[in-house]
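Counted the way the numbering used here counts, the sequence shown spans residues 934 to 998.
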Amino acid sequence: MILFNIHSNDLFNENQYGFIPQKGTVDAAMEVKTFIEESLKLKQFAVIVSLDGKGHLMQPGGPAS
């Protein structure tokens, strides 16, 4: 019901991946690849920062406790 409401009212950002039909992790990776290729063609810099917080919010003593 909640996801239906979010989809019906177009509340997700167009750059949201996951929880959206036909937009998963492979699509996100391809978007990054395209961004890098375009930057290289234009002789520009491309910087990627990846944050991995797996389980961080669920650990005792973390921000969620």
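Ideal placement from N, C-alpha and C gives every residue a C-beta, glycine not left out.
| query | result |
| --- | --- |
| Three-state secondary structure (DSSP) of I981 | coil |
| Beta-carbon separation (whole angstroms), F968 vs A961, contact threshold 8 Å | Actually they are not in contact, since the Cβ atoms of F968 and A961 sit about 11 Å apart, beyond 8 Å. |
| Cβ pair I981, V965 closer than 8 Å | yes |
| P954 versus K974 - alpha carbon distance | 31 Å |
| Close-in-space but distant-in-sequence residues of the same chain around I935 (CB under 7 Å, 5 per side omitted) | none |
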